[in-house]
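Everything on this sheet refers to the single structure shown next.
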Amino acid sequence: MALPDPNAVSWYEATARQRLSAFLDAGTFVEFLGPAERRMSPHLPLFDLPRAFDDGIVTGRGTLDGKPVLIAAQEGRFMGGAFGEVHGGKLVGLLRAALDVKPDAVLILLDTGGVRLQEANAGETAIAETMRAIVDARAAGVPVIGLIGGRSGCYGGGGLIAGTCSRLAVSESGRISVSGPEVIETNKGAEEFDSRDRALVWRTMGGKHRRLIGGADAYVDDSVSAFRAAALDLIGHAPAFDLATLDAEQARLESRLVRFGDCRDATEIWARLGVNDPDAIPSMTTAAFAETVAGVTEASHDAR
Amino acid sequence: METLTFRHTTTKPLGGTTSQAITGVVASGNLEVLLERILAPDSCEIAIETPINGFGDVWEAVVADFVARAQPGGLRISINDGGARPDTVSLRLLQGARLMEA
Amino acid sequence: MVDWRKQRADRDARIAAGRAHSDGRSGGKVVAAASVVDLLEAVLKPGDRVCLEGDNQKQADCLARGLSACDPAKIHDLHMVQSGIVLPEHLDVFEQGIAKRLDYSYSGPQGGRIAKMLYGGQIELGAVHTYLELFARYFVDLTPNVALIAGVSADRDGNLYTGPNTEDTPTVVEATAFKNGVVIAQVNEIVEKVPRVDIPGDRVDFVVEADRPFYVEPLFTRDPAAMTETQILMAMMAIKGIYAEYGIRRLNHGIGFGTAAIELLLPTYGERLGLKGKIATHWALNPHPTLIPAIESGWVEQVHCFGSEVGMDRYIRERPDVFFTGADGSLRSNRAFCQTAGLYACDMFIGATLQIDLMGHSSTITTNRVAGFGGAPNMGSDPHGRRHPSDTWMKAGREAQITGDPALMRGRKLVVQLVETFGDKLVPTFVERLDALELAKKIGLELAPVMIYGDDVTHIVTEEGIANLLLCRDADEREQAIRGVAGYTEVGRGRDKAKVEELRSRGIVRRPEDLGIEPLDADRSLLAARSIKDLAHWSGGLYEPPARFRNW
């Protein structure tokens, strides 16, 4: 059993700013609308809630192994990384700028519970505008890569945004879903989904599951360097954004529903995917898991 | 929300040339500290927005100790507080000063 | 003629009455879970003294549900004598009139409700004890008439396997079975042969196969992911300023995040200071998951446990050189023996508390929560009956000695409070007056529920520094030493700054910089494990954390 390298920067533990500075080529990050500009939420004071100078998202440009990229990082610890008006506006603006700048990629370091309840209308709008802007960027030939491995996972509208990205990399801590565990439990009862059973949460929404069913395209260790390597690789393998890709994605999702729609637990899905010992998946090391993924046809595809 | 502003005179400017730094995150029990080198070299201003009312005297003491220790002349320091305890505030202020000294 | 066998005859009659509800096989010891209420109503009598095994961890929950379902017209005015008030049923029996009087030790999870019921007069309180104190009284004036206990398995003769959470069971059974009491055990399953005999069958009168496995609370699992830089700083100060200076090898840790941080710093920061083998080798401690990295790094020679911890069973089984295990391989814990070990054989106790006053008295009781003491006052007191020296104990004794014949000097146990100056919601830890005194007045307690008295405390560690109370020479110095580490609390801001600086020059108050520690170095990368998953990795996959602590 390998212990994590104490000198490696843990993606999960790092703040959005720490992730960015360790992720990009050293010294290349230039921030747009940085904290000193104080573009903070106009809504939170009405609720007597503290604001953040960057409204919980860091946006800017830099280079990755010399390639020019635009990049955004959500701060999952500020209001659960949730989308508010300014937060969403910064991300949409960055994606729209990609049409003019034509970077090698736009990278979104997703770490979000979804929409900020206190500014829900603006947040929902931001989600829709973000998805539209991602589609426009991809149509213009700029791959959009989502990186997921933070405290807040990637939930609610964030899950929708992830679904529109060209490619996704995820770590074990990363979770991708639209409805979160608590939401499901509230609506369907603890018998249906016990949100405190964290092993269940991870089996159902966690990085390994998403990777096995092809929901994410790379599974990485919880370190900034692992995410960096995965991002570079994914930029080189982003699918074209055309009718063929969309048809393939539609077909992939339809067949997934047919094959696994009646499964009651992720382990059943893994068994049907041909995984020999589904119960062993959660505790597998990254290397052993990579071998398992290699044997699962559905995990890798040209669609999305 | 409570807004507090403290102004201090320092005996010297803070060393280093970094013009701006930010540290910490606005989260429960945490805070973010934004430091900008934009004031006269012998003055320091610290502005705080906090959701917890009634701790003005504690903030005043924490800030005074920090100023005496770090001599952060020239800095405007802005804090968004998420309900941090005084020791966390001290730590973040010192972390911020260290970033500016680079 | 004096009848010397009244109690014995009474016991025989109770057992005969209970037998009517057994399944009729194997001498009638085995009773179905569905018949628990009938069994209890047959065996119990109004006014009985009853121990309903509620330990720190293991709970006789099936029997608790049964007792709370008894008819108060038949069973009433019971006097409950049990260490833990943990389950709702433990208090339900008072609301229903089944029980009336209570002597106990610890009520963590029910602390809020028990406070309300004490204020409301629904419970007639004897005393809040320490564990050893309550156990001692089982043999003197609180001997149970009936004990309702819990184990993992039993055979049809009643031989009982308690599992790794032996905890209070041997003590409770010793007092009950050998003084004409009736012992009823609930077990998860009845087996042909138990893995090992923790309680011989002739001390167990009835065995109930429970409807579900007994409840165990994972009370000693601290998630490294939640540890803060402040706790890491305090852990660094404790290791360098106390463990290293006194050469502490035999010790007990409380259950807070601060002490868990110390455990996780041993293989990193401690190693860097060259302390391996010189400190923290022999423990009276539950199997804390956060101790795994230190064990795996070869720091720990042995650990005796009060109870077990959920998820640690396989790991313990594979480390018999470190833990006390039975011939079957599983942990054998024992609260009474481990408390005794902590009291007499450890040179230091270090733990947290909720309130400390100007003299160093501390309490975990606030006006709306009565958490009880558990074992902290046993660990956290200087045992005047100790008669064996150690370098640590003698050094502390020398520091404390003010006057008197050096030839008659005795040592001191180190009792260290490791506290952050503010708790949750900015509630100050340091206060002028303990809430416990208010509580005592309100419910008419003769003895205020102080957890550790000031005269037992030797050091207080906060994020601001270490106060060495052994070196204080009068009450004023003591007060200023405490104020001097009380941070920005009102008590801390009320310090005499000049006096505190003078104490600092004498080494009574020490700041991180006095110890050569830079507060900005207190970083989470110093933790040997930063998540529960890291702990599982350290254990080689043997530690199996409960679902709620997993994020994989």
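Residue numbers (the UniProt record's numbering), protein chains in the order written: chain A, 1 to 304; chain B, 1 to 102; chain C, 1 to 552.
Beta carbons are placed, not taken as given, at the ideal position from N, Cα and C, and that holds for glycine.
Since we're looking at a predicted model, the values are computed, not measured.
Based on Cα-Cα distance, which residue from the options lies nearest to residue i?
| i | options | result |
| --- | --- | --- |
| Thr267 (chain A) | A:Val58, A:Leu147, A:Ser255 and A:Val201 | A:Val201 |
| Lys58 (chain C) | C:Leu52, C:Phe214 and C:Pro170 | C:Phe214 |
| Gly80 (chain A) | A:Phe289, A:Ala16 and A:Arg228 | A:Ala16 |
| Leu434 (chain C) | C:Ile532, C:Thr366 and C:Thr421 | C:Thr366 |
| Val187 (chain C) | C:Ile149, C:Ala136 and C:Val81 | C:Ile149 |
| Gln74 (chain A) | A:Arg210, A:Ser166, A:Trp11 and A:Glu298 | A:Trp11 |
| Ile255 (chain C) | C:Lys278, C:Gly108 and C:Trp4 | C:Gly108 |
| Val191 (chain C) | C:Gly298, C:Ala154 and C:Leu275 | C:Ala154 |
Helix, strand or coil, according to DSSP, for residue i in the structure here?
| i | result |
| --- | --- |
| Gly93 (chain A) | helix |
| Val25 (chain B) | coil |
| Phe349 (chain C) | strand |
| Asp81 (chain B) | strand |
| residue 560 (chain C) | The requested residue 560 (chain C) is not part of the displayed model; chain C covers only 1 to 552. |
| Leu87 (chain C) | coil |
| Met1 (chain A) | With a pLDDT of 42 at Met1 (chain A), under the threshold of 50, the predicted position of this residue should be treated as unreliable, though the coordinate-derived value follows. Looking at Met1 (chain A) - three-state DSSP - the assignment turns out to be coil, as it is neither helix nor strand. |
| Thr462 (chain C) | strand |
| Tyr243 (chain C) | helix |
| Tyr155 (chain A) | coil |
| Glu296 (chain C) | helix |
| Pro68 (chain A) | strand |
| Cys338 (chain C) | helix |
| Phe220 (chain C) | coil |
| Asp197 (chain A) | coil |
| Asp103 (chain C) | strand |
| Gly80 (chain A) | helix |
| Gly60 (chain A) | strand |
| Arg76 (chain B) | strand |
| Asp3 (chain C) | coil |
| Arg478 (chain C) | helix |
| His253 (chain C) | strand |
What does the Cβ neighbour count give for residue i, buried or exposed, with the cut at 16 atoms within 10 Å?
| i | result |
| --- | --- |
| Ile508 (chain C) | buried |
| Pro50 (chain A) | buried |
| Asp48 (chain C) | buried |
| Ala2 (chain A) | Low local confidence applies: a pLDDT of 48 at Ala2 (chain A) is under 50, so the model's placement there is unreliable, with the coordinate-based value given in what follows. With fewer than 16 other Cβ atoms within 10 Å, it is exposed. |
| Met1 (chain C) | exposed |
| Trp283 (chain C) | buried |
| Ser223 (chain A) | buried |
| Glu172 (chain A) | buried |
| Gly541 (chain C) | exposed |
| Ile108 (chain A) | buried |
| Cys263 (chain A) | exposed |
| Ala175 (chain C) | buried |
Please list the terminal residues of the continuous beta strand (DSSP E) segment that includes residue i.
| i | result |
| --- | --- |
| Gly126 (chain C) | Glu124 to Val128 |
| Val33 (chain B) | Leu31 to Arg37 |
| Arg167 (chain A) | Arg167 to Ser171 |
| Trp283 (chain C) | His282 to Ala284 |
| Ala26 (chain A) | Ala26 (chain A) -> no beta strand (DSSP E), and no H or E assigned at all. |
| residue 325 (chain A) | Lying before the first or after the last residue shown, residue 325 (chain A) is absent from chain A, which here runs from 1 to 304. |
| Phe206 (chain C) | Phe206 to Glu209 |
| His209 (chain A) | Element bounds for His209 (chain A): not the beta strand (DSSP E) but the alpha helix (DSSP H), Gly207 to Leu212. |
| Arg49 (chain C) | Arg49 to Leu52 |
Under DSSP, the alpha helix (DSSP H) around residue i begins and ends at which residues?
| i | result |
| --- | --- |
| Val31 (chain C) | Val31 (chain C) -> not in any alpha helix (DSSP H); beta strand (DSSP E) instead, spanning Val30 to Ala32. |
| Gly151 (chain C) | Premise fails: Gly151 (chain C) lies in the beta strand (DSSP E), Val146 to Ala154, not in any alpha helix (DSSP H). |
| His8 (chain B) | Element bounds for His8 (chain B): not the alpha helix (DSSP H) but the beta strand (DSSP E), Glu2 to Thr9. |
| Gln7 (chain C) | Lys6 to Arg19 |
| Leu93 (chain B) | Pro86 to Met100 |
| Ser43 (chain B) | First-last for Ser43 (chain B): Ser43 to Thr50, but that is the beta strand (DSSP E), not the alpha helix (DSSP H). |
| Gln302 (chain C) | Per DSSP, Gln302 (chain C) belongs to no alpha helix (DSSP H); it is in the beta strand (DSSP E), Gln302 to His304. |
| Tyr219 (chain A) | No alpha helix (DSSP H) holds Tyr219 (chain A); the beta strand (DSSP E) holding it covers Ala218 to Val220. |
| Ala64 (chain C) | Asp61 to Ser68 |
| Gln110 (chain C) | Here Gln110 (chain C) belongs to no alpha helix (DSSP H), and DSSP marks it neither H nor E. |
| Val37 (chain C) | Val36 to Val43 |
Worksheet item: Where in the region 151-194 of chain C do unbroken runs of the beta strand (DSSP E), each at least 3 residues long, occur, reported from the N-terminal end onward?
Response: The qualifying runs are 182-190.
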